[in-house]
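Right, one structure below, let's go through it.
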Amino acid sequence: MSEELKKDEAALQEEEVLENEALGQEEMLETEAKVEDQEHEELEESDKKEKKGFFKKKKTKEEALEEEVIGLREELAKTQNMYYKAYADTENLKKRLQNDADTLRKYRIQSFAQEILPVMDNLERAITFEAKDEEGKNYVNGINMVYQQIKIALENEGVTAIECLNKPFDPNIHQALVTEKVEDVEPGIVLEEIQKGYMLKDRVIRASLVKVSE
322 MSEELKKDEA ALQEEEVLEN EALGQEEMLE TEAKVEDQEH EELEESDKKE KKGFFKKKKT
382 KEEALEEEVI GLREELAKTQ NMYYKAYADT ENLKKRLQND ADTLRKYRIQ SFAQEILPVM
442 DNLERAITFE AKDEEGKNYV NGINMVYQQI KIALENEGVT AIECLNKPFD PNIHQALVTE
502 KVEDVEPGIV LEEIQKGYML KDRVIRASLV KVSE
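Going by the working numbering, the sequence shown opens with residue 322, and the numbers climb by one from there.
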């Protein structure tokens, strides 16, 4: 083999080696680029996941705070309702106690008045007695003075006699014992007072016993 052929062959081999080296370097660069791209994608994906997790955690925390606020508002509403109910109950109790106290003061004399009314009846019958001598008249006058004093004392406490003669019968203040048909008198008129009735302010403490027209 001539020297020139040897040189050409060596040159070809060297060129082939260089080409192989160039191809190898290119493949390495491509591989490195792919690796870098993959790493970059992985980093981006990881970053996205971290951001997503961060916002998710943030959202969850906000939701928890919102739920806590809602719970506190509900507790506050319940407490306010309990307070208003307790306040209303207290006010109603105060009013009821005040009304009871007012009623007690208003009608405090009722029991005493009901016990003394029979005494008033007896005194009224006694002063209608027609005395024939001076001593008897003085006695009747003394009874009348006592009667008038008791009557005034009762009136000062709100105890008054019920006026019923010639008035329409009222079952709220009258009790009919007898009925009688009378000419020129319409039915339901009080003809006679058998026993006097009394009021304590606006309350009947004894109904009038009466005769009523038919």
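Note that beta-carbon positions come from the ideal geometry of N, C-alpha and C, so glycine has one too.
Secondary structure note for Lys472: its alpha helix (DSSP H) is the uninterrupted segment 455-477.
Ranked by Cα distance from Lys502, the first of Glu484, Lys532, Leu521, Thr481 is Lys532. Per DSSP, Ala497 lies in no alpha helix (DSSP H) segment; the continuous beta strand (DSSP E) that holds it begins and ends at 495-501. Taking all protein chains in view, the Cβ of Ser529 is crowded by 16 or more other Cβ atoms within 10 Å, so the residue is classified as buried.
Bridge pairing for Val440: absent [DSSP]. Cβ-Cβ distances below 6 Å link Glu535 to Thr500, Lys502, Pro508 in the same chain, with the five nearest sequence neighbours on each side left out; the list follows chain order. A straight line joining the alpha-carbon of Asp523 with that of Leu418 spans about 21 Å. Asn413 and Leu425 have their C-alpha atoms roughly 18 Å apart. For Lys532, the enclosing beta strand (DSSP E) has its first and last residue at 529-534.
Sequence-distant Cβ neighbours of Ile448 in its own chain, meaning closer than 8 Å and more than five residues away, are Val461, Ile464, Asn465, Tyr468.
Thr400 and Ile473 have their C-alpha atoms roughly 57 Å apart.
Going by DSSP, Glu514 is part of the beta strand (DSSP E) stretching over 511-516. For Leu521, the enclosing beta strand (DSSP E) begins and ends at 519-521. Rounded to the nearest angstrom, the Cβ distance from Lys517 to Ala482 is 5 Å, consistent with a contact under 8 Å. With respect to the 9 Å criterion, Asn487 and Val511 are classified as neighbours on the basis of their beta carbons. For a cut-off of 8 Å, the C-beta gap from Ile471 to Ile437 is around 7 Å, short enough to register as a contact. Annotated three-state conformation of Ala422 is helix, per DSSP. For the pair Lys415 and Met403, the Cα-to-Cα distance works out to about 18 Å.
Between Val440 and Leu521, the alpha-carbon positions lie close to 17 Å from each other. Among the bridge pairs identified by DSSP, Pro489 is matched with Ile510.
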